[in-house]
Structure formats: C-alpha cells, structure tokens
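Written below as structure tokens is the structure these notes are about.
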Amino acid sequence: KNLIQDGDKIVGVLCHDLVRDEDVTIYADITVNAAGAWAGEIAHTVGIEVNIMQGKGTMIAAARRVVNTVVNRCKMPADGDIIVPAHTVAIIGTTDERVADPEHFAIEPWEVNLMMEEAAKLVPSWKETRMLRCWGGVRPLYQETKVADTRDVTRAYTLLDHETRDGVTGFITITGGKWTTFRQMAEVTVNRVCEKLGVERPCSTADTPVPNPFGHTGRYHYLGQRLAEVEKEKKFDALICECELVTRTDVEKAITQGEAKTLDDIRRDIRLGMGPCQGGFCTYRAAGIWHELRDDPVEVTNVTLRDFLQERWKGLRPILWGQQLKQERLDELIYLSVLNADHLPGETASRLGPAMYEKGSIEENPKAVT
C-alpha cells in the first residue's frame, strides 16, 4: 500500500494480504522495490520519481500448436512478429501500446485484427484456426527522459540506488528487464543489498540450475504424459477438465498440497480451464471438489466459481467468433440458464450475468462471423 519512512530512511512497508484480507506491516533494514509496472507508483508514496512507462502487449492463443518451434520475422521489432508454441497452444504477439494504468486497460479490436493479419503472414492457416483466448500484459519500461513511443525505450533493466540518487537510504528499485534477464536482475539486486548490509557471501545464481520441470514436484507436465497416465490407469471417469486431461486427483492435490486459495490458483497450477471450453465443463466440477475438501460456506464457493468464470470471460470477449463463439454460447446456457450462477448466494466483485453477453467485440470485429 505504501512505504514507511523515518526521516530520510525507508524502514519498511505497509502491505495488504489479499488471502487473509488484512493489512500487514513489515520492517526491514533494506526495502527492495521490485513491483514491475507499479514501481513508480510505490516510489511516489515517499516523493521519489521513478519514470515507469507502461507498455501494454496483447497476445492471442490459438487452440492448437500450429507450429512446434518459435517462428520470428527477421525485421525490426514490430507488432505481431513472433509465434511461440506453449503447451497445447500457439501464441502470437505482441503489440506495444502505452497505457496509463497497469491494472485497468482494454484489449482493442484493432489489436486483435492486427495480430490475426500478422500471424497469417507467418502461418497462412492461422486465420482458419480456432482462436482460444486473448490477453494483455504490461511491461515496466524505465527511461529517465521522456519518449513518445514505448518501442523506443530500452528493455534493459535498471538498478536504482535511492541513497545516491535521491538521498533516501534503505531503499532500492529494480525495474525494466524481462523474463530472459530476471535471474541476472535478482543477482545484481541482492549483490547491492549485501554490499549495503556489509554481508560478504559468494553469489550462487550462476551456479544454481533452474529446477527440473519434471522433477519431484509434479507441478509441471506435458499433455502426452497425462494422456498416458489416464489410459494406463483407466481414469476416464475421473477427468475433471477433459481439454487438459486434469483428473480429480490433480485437483485435490492442488487444493490440499498446492495451497490454492481460489479456482484461479488451481488453473495456474494444473491448467484447469485453459483448454477450448475455457472452463465450460470443468468449473462446476472443480467447484464441487473445492467445497467438499475445504468445507467453506456455500457463499464462498459461489464467489470463487463466479470470479473464475469472469476471468475466463475477459480473455474470451475479444475473440468471439466462429467455434469459440459457439462454445461460449453453450457455456452461457450451462451457467446462466441451467445453473443460474449469476443469482447464487454470495457477494462477489465480478459482473457475471446476462448483460455481459449482450455486447462484446463481436459486432466490432469484422472477423467475428460464424
């Protein structure tokens, strides 16, 4: 929520625990601001200016792996110049548009149209492929001087020592960068923290391998592995998510061992609801298991069910045409017409209801035809 300042020194932070819904105060000798697109907002709470430009990137996932290796256009960085296969899908990306708020932004119809056109230049069959989902992320781009276009801003990371920069001790900001440099960002940040604390320890980042994705944790997988297990053990009647071959055992482990707090946590853990039906057939099944194992009040289960459906809807709305439009019509019938999900007991921040189906990007998108 904000930094705690004592004179010219940052001594801690006041946070809000979203799981327990309570404020938490944390005191520390050194506070590291690694808040990504929110880094500037956090620094501003103590009057420090960190010029973060928020560059929105929009991506679209096709419902199958149209390629099995990365395909990248050999030209200067531009919108829609790369297709990346991931799990059961292929992703086209990305745009780069400056936004004012990293929490509230829209996926514009022109972005979807542009991604579709650019993807077809790389893979001609793209336009005939079922689109699964569309989403956007915000890049924390740092630059001391102002520029008009976020593509002109470096993707390099920057470590800001606010003692030398702003005269405020006990405070460091690490910003910029990307996933390919995040371990190096962590290394240089911790090295600076150790230097300030007078700690002398050799850095082990370069010598520590990334954890084996198919190791003992069991949290990583590929679909062929799941299919082999289902066929070998005849678990067909135990499938909760048929698209991603998630079994009841997988869901139970995510709840009891993975410490999931919402259905969306389960999705991130085992890909529940990430297939073509986008939660149409698995959400109510998973919600039943959730309620059975956690023994929450029914209102709490209803809230997590509705919020999960709402999050799925956000990514569906921009690409509602063809097969995915038909699928979402079926999902509407299941959850609104049969299960009456919009009137189940329990308050929620989501806006699940018939109104969300009345107007979307269908009429705005010239490709949105059945």
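Numbering (our numbering), first residue to last: 1004 to 1373.
Built from N, CA and C at the ideal position, the CB exists for glycine as well.
Around the beta carbon of residue 1075, fewer than 16 other beta carbons lie within 10 angstroms, which makes this residue exposed.
Each residue's CA atom was taken as its position, placing residue 1042 and residue 1336 some 42 Å apart.
Two segments are said to touch when three or more pairs of C-beta atoms, one from each, lie closer than 8 Å; by this definition the stretch 1278-1285 touches the stretch 1322-1336. By a beta-carbon distance limit of 8 Å, residue 1099 contacts residue 1058. Their separation comes to about 5 Å. For the pair residue 1035 and residue 1046, the CB atoms are not nearer than the 8 Å cut-off. Counting along the chain, residue 1231 sits inside the alpha helix (DSSP H) bounded by residues 1226-1236. In this structure, the alpha-carbon of residue 1294 lies about 14 Å from that of residue 1311. By the C-beta density criterion, residue 1273 is buried, having at least 16 other C-beta atoms within 10 angstroms. From the listed residues 1285, 1095 and 1264, the smallest Cα separation to residue 1296 is found for 1264. Assignment of residue 1110 by DSSP, reduced to helix, strand and coil, places it in the coil class. Here residue 1086 is near residue 1126, since their CB atoms are less than 8 Å apart. Only buried fits residue 1253, as 16 or more other CB atoms lie within 10 angstroms of its CB. Using a Cβ distance threshold of 8 Å, residue 1022 and residue 1006 do not count as a contacting pair. The beta carbons of residue 1249 and residue 1258 sit no closer together than 8 Å. The stretch 1190-1208 and the stretch 1060-1075 do not touch, with fewer than 3 CB-CB distances between them shorter than 8 Å.
Under a 10 Å Cβ-count criterion, residue 1306 is classified as buried, with 16 or more other Cβ atoms of the shown protein chains found around its own Cβ. Looking at 1073, 1055, 1080 and 1093, the one whose alpha-carbon comes closest to that of residue 1067 is 1093.
Assigned with DSSP and collapsed to three states, residue 1349 falls in coil, not helix or strand. Residue pairing by DSSP places residue 1178 opposite 1161 in a beta bridge. Note that the C-beta distance between residue 1195 and residue 1164 is below 8 Å. In this structure residue 1082 is in contact with residue 1117, their Cβ atoms being roughly 6 Å apart against a cut-off of 8 Å. A check of alpha carbon separations from residue 1140 across 1040, 1235, 1327 and 1132 identifies 1040 as the nearest. The beta carbon of residue 1315 sits closer than 7 Å to the beta carbons of 1276, 1281 and 1282 from its chain, once the five residues preceding and following it are set aside; these are given in chain order.
Following the DSSP letters along the chain, one finds residue 1060 inside the beta strand (DSSP E) bounded by residues 1055-1065.
The closest CA to that of residue 1137, considering only 1114, 1129 and 1144, is found on 1114.
Runs of the beta strand (DSSP E) spanning 3 or more residues and lying entirely within the stretch 1227-1298 occur at 1242-1244, in chain order.
For residue 1028, the enclosing beta strand (DSSP E) covers residues 1025-1030. Excluding residues up to 5 positions away in sequence, 1173 and 1200 lie with their Cβ nearer than 7 Å to the Cβ of residue 1032 in the same chain.
Within 10 angstroms of the beta-carbon of residue 1246 lie 16 or more other beta-carbons, which makes it buried. The residue from 1070, 1010 and 1237 with its alpha-carbon nearest to that of residue 1128 is 1070. Counting along the chain, residue 1319 sits inside the alpha helix (DSSP H) bounded by residues 1301-1319.
In terms of CA proximity to residue 1326, 1135 leads the group 1027, 1135 and 1018. A direct Cα-to-Cα measurement between residue 1251 and residue 1229 gives close to 13 Å. About 41 Å separates the CB atoms of residue 1171 and residue 1269; that is not less than 8 Å, and the two are not in contact. Between residue 1144 and residue 1056, the C-beta spacing is below 8 Å.
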